[in-house]
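Okay, so here's the structure we're looking at.
Protein chains in written order, with my numbering: chain A, 1 to 385; chain B, 386 to 680.
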């Protein structure tokens with residue numbers, strides 16, 4: 001018997017294995033395809049998001065898979081470039097022949113471009129990106145779902161706060177990405193519905209200076225300044241807003257900016273800021289009766305044990321997406337139409353980002369009840385009630 | 386149209402000048418290497434980013450920020466010189482086009498290497514004056530913006546003195562003006578090109594050091610900074626260091642004013658339209674001399 005294979009033979013075997021595997025393993029596994037951007041401008045989100053799917057896949061497989069069938073996970077880097085991500089999507093759909101797609105490239109723009117492809121291939125796609133237009137109109141997005149909260153629900157939550165605090169004039173400073181501009185569209189609708197007067201400003205996510213925009217806002221009479229971005233320039237927004245004397249207005253960041261390291265980088269400038277967020281960052285501050293509390297605490301504990309750092313909501317939103325996919329696969333089996341129907345039929349699933357209920361009219365599972373207001377004090381996020 | 390009061394205009398003007406000084410410093414690096422080789426160095430923006438990332442890493446590791454900054458400056462200069470020695474000097478037929486292509490390779494390599502070693506998260510460190518703000522005639526000027534302007538002015542001044550007064554500076558100008566003639570009278574042309582890479586890297590590093598406390602930095606930001614610096618150098622006249630700085634200040638100010646007076650959506654479009662207009666009227670840039678070429 002040979003004790004050691006020559007290196008070249010080993011390499012050949014290693015290369016050959018993935019090619020052979022599908023032919024005999026097809027019946028025993030579910031194939032899940034994921035595209036997230038772990039390089040390029042969205043990389044700082046993509047890494048956490050990738051780990052969220054990874055952890056969910058590991059947990060499902062460790063528990064014996066879905067109905068006895070293990071998950072075979074295909075991951076590709078979207079590189080924060082729509083074209084690259086679409087090539088990878090094509091590969092997942094036609095070559096790897098995945099049963100379900102989880103994760104849409106870490107950027108709304110990418111997920112928006114992936115949605116019609118999934119639709120055409122009739123493969124259920126659970127997006128982990130923000131923009132609402134990823135799943136609307138539902139008639140054109142029958143196979144597309146989303147594990148993040150909708151912009152209109154978040155903005156409704158903000159409108160509630162404005163009315164409770166007698167503020168009606170808002171300046172919205174949104175970046176020019178799909179994430180920012182999709183929110184602007186929704187704001188126009190929500191503002192009309194809820195009697196808010198909104199002035200709009202825009203900036204490029206790669207900008208380093210917001211003096212011009214903030215000076216315009218200072219010249220206006222807004223009471224609330226809402227910034228909508230996931231880019232680091234959101235820290236510049238906080239600093240320059242204080243420097244230019246906008247500190248007397250209520251500064252608000254969207255759920256895209258709820259990240260501890262941004263708050264730490266902003267330092268003093270983050271004092272008094274409010275953030276619209278899912279409940280994930282403050283799971284331990286929720287009342288015992290809250291339906292998401294235990295899910296959040298459980299994931300936090302398992303994640304911290306494995307990765308030696310605290311998870312954030314970006315981990316949570318991809319973890320949720322994978323769990324939703326697994327429910328769909330469990331109920332729908334190998335039939336993609338049945339999987340789609342099963343996901344659409346999910347009601348009251350207690351995820352870590354909130355309680356998911358889908359329907360034939362709504363392919364976003366979360367609602368306004370899953371959105372809370374946070375502030376940043378004493379080096380942590382705190383629930384504002 | 387927003388109100389055009391003096392305080393707001395001054396505010397926007399200062400913001401634009403601060404941004405423009407950075408564009409200028411980056412553009413300066415483009416000009417230095419263009420003068421020495423005729424090539425456009427696309428790695429320039431990555432050197433800016435490297436300086437900021439390395440200093441932030443030093444700061445996080447507990448070193449004094451000044452010390453980390455000085456070490457990063459040396460590191461970036463070393464990277465600039467090494468890029469020349471390892472990639473550019475080895476080219477058999479070092480045509481400007483080829484050097485430009487190689488610089489794209491150096492840029493991609495630098496970016497990837499930093500992503501892997503220093504990570505993908507945005508990072509930063511406080512400037513020497515912290516978050517101090519100066520109030521001038523109703524406008525609020527962050528102290529760090531003044532440091533940026535001072536660094537830009539200091540660098541260009543030192544460079545002009547070096548070119549005008551020192552033997553090496555004279556030799557560098559000679560090598561840039563006419564390689565063959567300079568070589569004939571004994572100027573070590575290769576070493577002068579290497580020096581240009583070192584100086585360009587230093588300009589990039591200084592830009593990175595002073596801008597990071599204001600804007601934060603991540604591994605991906607070099608590309609955009611490089612693009613803006615390149616525009617500044619084109620506007621001022623490629624190969625003209627002082628022109629690059631003037632071009633940068635002009636570009637930054639125009640962006641700011643366009644963003645304020647017209648709309649923040651068209652901030653960059655307006656600035657680049659003006660850049661195009663200038664280049665149509667004066668193809669060699671604001672400071673560039675018209676060159677007659679025999680066809």
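We put the CB at the ideal spot given by N, CA and C, even for glycine. Owing to the predicted nature of the structure, the values given are computational and were not obtained by experimental measurement.
| query | result |
| --- | --- |
| Specify, as a first and last residue, the run of the beta strand (DSSP E) that residue 200 of chain A falls within. | 197-203 |
| Do three or more CB pairs link the region 281-288 of chain A to the region 378-385 of chain A at distances below 8 Å? | yes |
| For the beta strand (DSSP E) containing residue 527 of chain B, list its first residue and its last residue. | 524-527 |
| Can you tell me whether residue 505 of chain B is helix, strand or coil according to DSSP? | coil |
| Would you kindly report the start and end of the unbroken beta strand (DSSP E) that includes residue 125 of chain A? | 125-127 |
| Quick one: which chain B residues come within Cβ less than 8 Å of residue 44 of chain A? | 505, 506, 507, 603 |
| Would you identify the three-state DSSP class for residue 380 of chain A, choosing helix, strand or coil? | strand |
| Let me know if residue 505 of chain B comes out buried or exposed under the rule of 16 or more other beta-carbons within 10 Å of its beta-carbon. | buried |
| In chain order, what residues of the same chain have a beta carbon less than 6 Å from the beta carbon of residue 23 of chain A, not counting five sequence neighbours either side? | Low confidence applies to residue 23 of chain A: its pLDDT is 44, below 50, so where it sits in the model is not reliable, and the reading given next is rough at best. Cβ within range, chain order: n/a, list empty. |
| Could you have a look at residue 29 of chain A and say whether DSSP puts it in helix, strand or coil? | strand |
| Would you please state the rounded distance, in angstroms, between the beta carbons of residue 508 of chain B and residue 441 of chain B? I believe it to be under 8 Å. | 4 Å |
| Where does residue 146 of chain A fall in DSSP's three states? | strand |
| Is it right to say residue 301 of chain A is buried, meaning 16 or more other beta carbons lie within 10 angstroms of its own, or is it exposed? | exposed |
| Does any residue of chain B have a CB that is nearer than 8 Å to the CB of residue 366 of chain A? | no |
| For residue 286 of chain A, which three-state DSSP category applies? | coil |
| Near residue 357 of chain A, what residues of its chain come up, given a Cβ to Cβ distance below 8 Å and the 5 sequence neighbours on each side ignored? | 346, 347, 348, 349, 365, 367 |
| Since residue 232 of chain A meets chain B, which of its residues come closer than 7 Å, beta carbon to beta carbon? | 507, 601, 603 |
| Comparing the C-beta of residue 156 of chain A with each C-beta of chain B, is any distance below 8 Å? | no |
| So which residues on chain B does residue 202 of chain A lean against when the C-beta distance must stay under 7 Å? | 649, 650 |
| Considering just the uninterrupted stretch of the beta strand (DSSP E) at residue 521 of chain B, what are its terminal residues? | 518-521 |
| Is the separation between the beta-carbon of residue 569 of chain B and that of residue 621 of chain B shorter than 8 Å? | no |
| Check this for me: beta carbons of residue 57 of chain A and residue 323 of chain A, under 8 Å apart or not? | no |
| Strictly below 9 Å CB to CB, what residues from chain A border residue 500 of chain B? | 39, 43 |
| May I have a chain-ordered list of the alpha helix (DSSP H) segments no shorter than 4 residues that lie completely inside the region 626-652 of chain B? | 626-646 |
| Does the contact criterion of 3 or more C-beta pairs under 8 Å hold for the region 89-106 of chain A versus the region 154-164 of chain A? | no |
| Using DSSP's beta-bridge definition, name the partner residues of residue 172 of chain A. | A/200, A/226 |
| Using 8 Å as the cut-off, can you tell me whether the region 458-472 of chain B makes contact with the region 582-602 of chain B, which would need three or more C-beta pairs spanning the two stretches below that distance? | yes |
| Okay, do the region 92-103 of chain A and the region 119-137 of chain A touch, 3+ Cβ pairs below 8 Å being the bar? | yes |
| Counting C-beta neighbours from all protein chains within 10 Å, is the total for residue 385 of chain A 16 or more, i.e. buried, or is it exposed? | exposed |
| Just list the residues that DSSP pairs residue 252 of chain A with in beta bridges. | A/226, A/274 |
| Whose Cβ in chain A lies nearer than 8 Å to the Cβ of residue 525 of chain B? | 243, 244, 245 |
| Listed from N- to C-terminal order along the chain, which residues in the region 470-488 of chain B have their beta-carbon within a distance smaller than 8 Å of any beta-carbon of chain A? | none |
| To the nearest angstrom, report how far apart residue 326 of chain A and residue 102 of chain A are at their CA atoms. | 10 Å |
| With DSSP run on the structure shown, which of helix, strand or coil describes residue 419 of chain B? | helix |
| Hey, could you find the ends of the alpha helix (DSSP H) residue 469 of chain B is sitting in? | Residue 469 of chain B -> no alpha helix (DSSP H), and no H or E assigned at all. |
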